[in-house]
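Chemist:
In the working numbering, the protein residues as written are 6 to 218.
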């Protein structure tokens with residue numbers, strides 16, 4: 006395990022369901038606000054709005070991407086609104102914090118959410134100050150993972166070398182581009198995905214990180 010990561014100089018972490026467990030159900034709150042926003046923006050009933058939220062996520066990578074491409078929705082107010090949720094479902098994780106702190110090289114967060122929301126999550130998890138940079142979808146000009154150009158924009162901003170980087174992500178489709186770029190890929194989820202673009206799987210990020218350094 007250590008040998009597989011001995012060349013890594015940049016550690017890239019997704020946020021939701023990666024740096025906190027799905028059991029927190031934080032995204033449930035966000036999805037409600039997304040549906041509310043779709044209802045308001047498009048003037049549709051809740052059932053239709055919920056259907057469109059899921060449809061755009063599947064088709065475009067995020068609900069926001071679908072709203073922008075198909076309805077020319079302004080992304081900034083959307084991101085502010087849907088991420089305006091309390092953080093009381095999250096708890097500090099000193100074990101995870103210690104493992105991330107011990108990682109050699111550069112540590113960054115890259116999320117399809119917005120950076121201010123990511124900072125709030127990191128603070129609630131006791132992970133503030135551990136990362137060299139936090140990138141949100143706005144840093145990719147609102148292009149979402151798994152779009153190749155989204156990764157290209159963020160990685161260019163960060164200046165990382167993909168062949169010397171690892172990506173930790175709960176959504177297996179978001180590991181396809183990192184794999185194609187030569188990154189080490191780790192699927193963080195309860196259920197294992199066996200795609201060829203996934204090098205490793207873990208359902209316990211803290212324990213996994215302890216094995217790679």
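Heads up, the beta-carbon is just placed ideally off N, CA and C, and yes, glycines get one too.
#1: Mind the definition here: the stretch 176 to 185 touches the stretch 148 to 163 only if three or more C-beta pairs lie below 8 Å; say whether that holds.
#2: Please classify residue 174: does DSSP put it in a helix, a strand, or coil?
#3: Is the Cβ-Cβ distance between residue 20 and residue 108 less than 8 Å?
#4: In whole angstroms, what is the alpha-carbon distance linking residue 94 and residue 30?
#5: Apart from the five residues on each side of it in sequence, which residues of its chain come closer than 6 Å, Cβ to Cβ, to residue 145?
#6: Would you call the stretch 70 to 88 in contact with the stretch 96 to 104, where contact means no fewer than 3 C-beta pairs closer than 8 Å?
#7: What do you get for residue 67, buried or exposed, if any count of 16 or more other CB atoms within 10 angstroms of its CB means buried?
#8: Roughly how many whole angstroms lie between the Cα atoms of residue 217 and residue 9?
#9: Quick one: residues in its chain with C-beta nearer than 7 Å to the C-beta of residue 182, no 5 flanking neighbours on either side, listed in chain order?
#10: Taking a contact to mean a Cβ-Cβ separation below 8 Å, would you say residue 17 touches residue 171 in this structure?
#11: How many whole angstroms separate the CB atoms of residue 126 and residue 92, which I take to be in contact at a CB cut-off of 8 Å?
Modeler: In short, the structure shows the following:
#1: yes
#2: strand
#3: no
#4: Taking the straight line from one Cα to the other gives about 8 Å.
#5: Non-local beta-carbon contacts of residue 145 in its own chain, meaning distances under 6 Å to residues more than five positions away in sequence, involve 155, 158 and 159 in chain order.
#6: no
#7: Buried is the call here.
#8: 8 Å
#9: For residue 182, where only same-chain residues beyond five positions count, the Cβ hits under 7 Å are 151, 153 and 156.
#10: yes
#11: 7 Å
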